[in-house]
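All remarks here apply to the structure that follows.
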Amino acid sequence: MTVKEKIDKEISQLSPHELMKLHDIILWLHEKKKLRIRVSHVNSPYLKVREALKGIGNLSNEIIQERRETL
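As numbered in this note's numbering, the sequence shown has no gaps in its residue numbers, which increase by one up to the final residue, 140.
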């Protein structure tokens, strides 16, 4: 028995009230998926900056080196 068949069997045994709850859960999952897609677009400027600074080298090592030189 496939997962889909198992789910169909379980759904057929639900009351109308439980079906409405299940519907709400499904809608929530779709909204969560859309939110995840939007969040990935928010990170886009951050990724553009990382791409722009990629050729500069290791900035962390440069900062550490500068601190050593000032001490």
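Cβ coordinates follow ideal geometry from the N, Cα and C atoms, glycine included.
Could you please give the first and the last residue of the uninterrupted alpha helix (DSSP H) stretch that includes N130? 128-139
Taking only three categories from DSSP, how would you classify M70? It is coil, neither helix nor strand.
Taking Cβ to Cβ, would you say I80 is nearer than 9 Å to L91? Result yes, Cβ atoms of I80 and L91 sit closer than 9 Å.
Helix, strand or coil for S81 per DSSP? helix
Looking at the secondary structure, which residues open and close the alpha helix (DSSP H) in which V117 lies? It should be pointed out that residue 117 corresponds to Lys in this sequence rather than to Val. Residues 113-122.
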